[in-house]
DNA sequence: GCGCGATTTGAATACCAGTATCATTTAGAT
DNA sequence: ATCTAAATGATACTGGTATTCAAATCGCGC
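Protein chains in written order, with the working numbering: chain U, 1 to 151; chain G, 1 to 151.
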C-alpha cells in the first residue's frame, strides 16, 4: 500500500518526502473521503510529527498531481480521496463514508444532452452522489457507526 | 417580485420580518448565485441597515424552508440561489453567474442507472454544472464583466 | 389600537478551516 | 560530502460563519 503511493508520487516527479509519503499512503489506505484535519490526526498517530500546514500543502499537491480529488463537505470543509486513476465522479456512502467510483461514461450522455438542449458548455461538474451503499443497505451489521451530520 | 417573496415566506409559516423579506426579495430578483456577504452588501444599499448575522441566519432559514438552495463556491464560501419551485440542479455560468435550472427528469435516468448497477441508493446529489451559457458563449457583448476568480 | 410573550435582531465576539510568512531543515543532483 | 532549491513547522493571521445576549419587534388575543 505504501509502495503504491510511493510509486505514484515518484512518477509525478515531485519531491519525495516522508511527510508526503505518509499522507498519501494513509489516504490511499482508507478508501474513504477524509478531511485534511482528520488526515492530520491519523498521520500524526503513526508518523512522529507533522505540521498542519504541511498536510494542507501536501493535499493540494496531490490534487494538482491528479493523485487525489477534493470534495466539498457541508460546512465548508474539504475532503479528499485517493484517486490515482484519473478524474471521475463518486458515490459516497453517508453511513460508512466509503467511496465508489462512477465511470465518466455513465455521465457523458447527460453532459451532452445539456449542451444540446441548453446551449451550455459544461466545463466542470460536481457530480457526487450521496446515499447508502449496498453493504450498509443490506443489514448494516459490520458497518462503523454513522458520523453525526455536520449541520 | 417582492410580493412573490413575501407570499412564499408567509406560506412556510415562519415569522415575517422586514429583514427576511428584504433578503428574500433581493435574492429572488437577481436570478444569480450570490454569496452571503454579497447579499449583505446589496441588502444594505436598499434597506437601511441589517446585521451580518441576520443575513446568515435568514439564509439558513430560506434553505431549510426550501425557498433557497446552497451551493459551494470554491474557497469554502456558500452561495445561494432563490429556488422556490423545488428545482434541484443547476447550470451555473462562470462568466455571468446566471443560474439556469436543470429539470429533475433529465437526471432521473442517471440516478436509476446508478441504483441498478451499483446497488447504491441515491439520497442526494450535488449536480451542478459549471460552464458557459449560450449568451456568454456567443460573443459575450452585453455580458456583465466576469468576476475575478475566487482563488 | 394595546399589551404581552416568544421570536428575532444586531453588536460583539468566538470559532475554525485554511493560508501566509519565514527561519530552519532536507531531498536529491553533482 | 557539498550545495541549492524546495519543503517543513511554528506561529500569526484571515475571512467566512456561528454563538451569545441584551434590546427590539412581530403578531396574536383582547
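The beta-carbon is built from N, C-alpha and C at its ideal position, and this holds for glycine as well.
Would you please verify whether the beta carbon of residue 100/U is less than 9 angstroms from any beta carbon of chain G? In the first chain, the residue the question calls residue 100/U occupies position 100. Chain G contact via Cβ: present.
Measuring only between beta-carbons, confirm whether residue 81/U sits less than 9 angstroms from chain G. By 1-based counting over the first chain, the position of residue 81/U is 81. Not an interface residue.
So is the beta-carbon of residue 62/U under 8 angstroms away from any non-hydrogen atom of the ligand MN? No copy of the ligand MN occurs in the structure displayed, which carries no ligand at all.
Within its chain, find whatever has a CB closer than 7 angstroms to the CB of residue 104/G; leave out the 5 residues flanking it on each side and keep chain order. Against the second chain, residue 104/G aligns to sequence position 104. The answer, listed in chain order, is 88.
Is residue 96/G helix, strand or coil when you go by DSSP? Position 96 of the second chain holds residue 96/G. Residue 96/G: coil per DSSP, three-state reduction.
Is residue 133/G close to chain U, meaning its C-beta is less than 9 angstroms from at least one C-beta of that chain? The sequence position of residue 133/G within the second chain is 133, counting from 1. With 9 angstroms as the cut-off, residue 133/G counts as an interface residue toward chain U.
Starting from residue 124/G and walking both ways along the alpha helix (DSSP H), at which residues does that stretch end? Here residue 124/G refers to the residue found at position 124 of the second chain. Segment 121-132 is the beta strand (DSSP E) holding residue 124/G; no alpha helix (DSSP H) there.
Can you list, in chain order, the residues of its chain whose CB lies under 7 angstroms from that of residue 98/G, leaving out five sequence neighbours each side? The sequence position of residue 98/G within the second chain is 98, counting from 1. Same-chain partners within the cutoff: 31, 32, 133.
The segment 6-25 of chain U in contact with the segment 48-61 of chain U per 3-pair CB rule at 8 angstroms: yes
Does the Cβ-Cβ distance between residue 68/U and residue 81/U come in under 9 angstroms? Translated into the one-based positions of the first chain, residue 68/U becomes position 68. Translated into the one-based positions of the first chain, residue 81/U becomes position 81. In this structure, residue 81/U lies closer than 9 angstroms to residue 68/U by Cβ.
Excluding sequence positions up to five away, which residues of its chain have a Cβ less than 8 angstroms from the Cβ of residue 14/G? In the second chain, the residue the question calls residue 14/G occupies position 14. Same-chain partners within the cutoff: 20, 61, 65.
Out of 72/G, 44/G, 84/G, 77/G, point me to the one whose CA is closest to residue 125/U's CA. Residue numbering aside, residue 125/U sits at position 125 when the first chain is read from its first letter. Out of 72/G, 44/G, 84/G, 77/G, 72/G has the C-alpha closest to the C-alpha of residue 125/U.
Where residue 76/G and residue 35/U are concerned, what is the direct C-alpha to C-alpha distance, given to the nearest angstrom? Mapped onto the second chain, residue 76/G falls at position 76. Mapped onto the first chain, residue 35/U falls at position 35. Spanning the two alpha carbons is a distance of roughly 13 angstroms.
Since residue 101/G sits in a beta bridge, which residues does DSSP pair it with? Here the question's residue 101/G lines up with position 101 in the second chain. DSSP output for residue 101/G lists 90/G as bridge partner(s).
Residue 154/U lies in the alpha helix (DSSP H); which residues open and close that run? The requested residue 154/U is not part of the displayed model; chain U covers only 1 to 151.
Buried or exposed: residue 138/G, going by 16 or more other Cβ atoms within 10 Å of its Cβ? Looking up residue 138/G in the second chain gives position 138. It is exposed - the Cβ of residue 138/G has fewer than 16 other Cβ atoms within 10 Å.
Going along chain G, which residues have a C-beta under 8 angstroms from residue 105/U? On the first chain, residue 105/U is found 105 positions in, with the first residue counted as 1. In chain order: nothing, as chain G lies at least about 11 angstroms away.
Do we get a CB-CB distance below 9 angstroms when we pair residue 121/U with the residues of chain G? Residue 121/U sits at position 121 when you count from the first residue of the first chain. Chain G, which has a Cβ nearer than 9 angstroms to the Cβ of residue 121/U, makes this yes.
Alpha carbon to alpha carbon, how far is residue 92/U from residue 44/U? Give it in angstroms, no decimals. Here residue 44/U refers to the residue found at position 44 when the first chain is read from its first residue. Here residue 92/U refers to the residue found at position 92 when the first chain is read from its first residue. Whole-angstrom Cα-Cα distance: 26 angstroms.
Compare the C-beta of residue 96/G with all C-beta atoms of chain U and state if any pair is closer than 9 angstroms. Counting from 1 along the second chain, the entry for residue 96/G is found at position 96. With 9 angstroms as the cut-off, residue 96/G does not count as an interface residue toward chain U.
Can you find a CB in chain G that lies within less than 9 angstroms of the CB of residue 113/U? Position 113 of the first chain, counted from the first residue, corresponds to residue 113/U. Yes, because at least one Cβ of chain G sits closer than 9 angstroms to the Cβ of residue 113/U.
Nearest to residue 106/G (by Cα), restricted to the options 70/U, 113/U, 106/U, 100/U: Counting from one through the second chain, the residue named residue 106/G turns up at place 106. Closest by alpha carbon: 113/U.
Assuming residue 189/U is part of the alpha helix (DSSP H), what are its boundary residues? Chain U is shown from 1 up to 151; residue 189/U falls before or after that span and cannot be answered.
Could you tell me if residue 9/U is buried or exposed, where buried requires 16 or more neighbouring beta carbons within 10 angstroms of its beta carbon? Counted from its first residue, the first chain places residue 9/U at position 9. With 16 or more other Cβ atoms within 10 Å, it is buried.
Determine whether the Cβ of residue 8/G lies closer than 9 angstroms to any Cβ atom of chain U. What you label residue 8/G is simply residue 8 of the second chain in a count that begins at 1. Output row for residue 8/G: interface = no.
Could you tell me which chain U residues have their CB closer than 7 angstroms to the CB of residue 127/G, listed as they occur along the chain? Within the second chain, numbered from 1, the residue matching residue 127/G stands at position 127. Simply 127.
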